[in-house]
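Heads up, the sequence shown is in this note's numbering, so the first residue is 560 and it goes up one at a time.
Reading through the structure tokens given below for one structure.
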Amino acid sequence: MGSAGIQVAKLFGCEVITTAGSEEKLAQAKSLGADYLINYKEEKLLDAVTRIAGKQKVDIVFEHVGKAFWKESLLCLKWGGVLVTCGATTGYEVTTDLRQIFFRQIQVLGSTMGSRGSQFEVLRHIANGKLKPILDQEFSLKDARAAHERLEAGKQFGKIVLIPD
Numbered sequence: 560m561g562s563a564g565i566q567v568a569k570l571f572g573c574e575v576i577t578t579a580g581s582e583e584k585l586a587q588a589k590s591l592g593a594d595y596l597i598n599y600k601e602e603k604l605l606d607a608v609t610r611i612a613g614k615q616k617v618d619i620v621f622e623h624v625g626k627a628f629w630k631e632s633l634l635c636l637k638w639g640g641v642l643v644t645c646g647a648t649t650g651y652e653v654t655t656d657l658r659q660i661f662f663r664q665i666q667v668l669g670s671t672m673g674s675r676g677s678q679f680e681v682l683r684h685i686a687n688g689k690l691k692p693i694l695d696q697e698f699s700l701k702d703a704r705a706a707h708e709r710l711e712a713g714k715q716f717g718k719i720v721l722i723p724d
């Protein structure tokens with residue numbers, strides 16, 4: 560779950576299990592309120608979620624990366640769970656065992672930025688100090704290549720902003 564997602568989930572009283580590929584990013588996620596941390600480079604996602612949540616698994620999975628974790632993300636859901644997909648950084652062509660969806664009554668929800676009304680609600684939470692935008696780094700527009708390389712390497716935590724020269 561991304562930095563904004565952690566904050567929103569905590570705003571609604573949810574327990575949050577989050578993943579990252581480095582201890583530094585996990586520490587940042589913990590500072591935002593994540594309850595359980597999984598380093599996906601050291602432990603399989605499904606094994607870790609089962610260890611944390613038990614055989615019952617979890618209600619909702621926010622899946623940002625696509626191909627690399629799609630299958631495991633579906634398997635992490637409890638009966639009647641919801642998989643929210645909002646990204647495909649590792650690939651958009653996934654394989655799905657449809658039985659996992661219909662036998663377990665899983666819902667798959669595609670999401671982008673939300674509605675105009677939800678934007679205003681988010682802005683109210685920011686103004687009230689309940690949500691904090693997470694800025695990773697600012698780059699001059701002339702350094703857009705370096706910004707893109709940072710994204711490709713997965714080094715960012717939060718948003719990268721390009722500043723016009």
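Yeah, the Cβ is synthetic: ideal placement off N, Cα and C, and Gly gets one too.
This one's a predicted model, so the numbers in the text were calculated from it and none came from an experiment.
Beta bridge counterpart(s) of residue i as assigned by DSSP
i	result
Glu574	DSSP, once it has assigned bridges, lists no residue as partnering Glu574.
Tyr599	Looking at the DSSP assignment, Tyr599 forms no beta bridge with any residue, so it has no partner.
Lys718	Leu694
Phe621	Val643
Gln666	Val641
Leu636	Val617
Ala725	No statement about residue 725 is possible, as the shown extent of the chain runs from 560 to 724 and does not include it.
Ala579	Asn598
For residue i, the three-state DSSP class (helix, strand or coil)
i	result
Ser681	This sequence places Val at residue 681; Ser is not what is there. Val681 falls in the helix class under three-state DSSP.
Glu697	strand
Ala593	coil
Ala588	helix
Ala627	coil
Asp724	coil
Ser674	coil
9 Å Cβ cutoff met for residue i and residue j
i	j	result
Gly640	Arg663	yes
Lys630	Val608	no
Ser562	Ala586	no
Ile693	Gly673	no
Gly713	Gly580	yes
Cα-Cα separation between residue i and residue j, rounded to whole angstroms
i	j	result
Ile565	Ile576	9 Å
Arg683	Leu591	19 Å
Val617	Phe571	16 Å
Glu602	Ser699	37 Å
Asp724	Trp638	52 Å
Ile660	Glu622	15 Å
Leu721	Ala705	11 Å
Gly625	Asn687	33 Å
Arg658	Phe679	39 Å
Leu633	Thr644	11 Å
Lys701	Gly646	27 Å
Ala612	Tyr595	10 Å
8 Å contact criterion, which residue i and residue j should meet: CB distance rounded
i	j	result
Glu582	Asn598	7 Å
Val667	Leu642	5 Å
Leu605	Thr578	Actually they are not in contact, since the Cβ atoms of Leu605 and Thr578 sit about 11 Å apart, beyond 8 Å.
Val567	Leu710	Contact doesn't hold; Cβ gap of about 22 Å is too wide.
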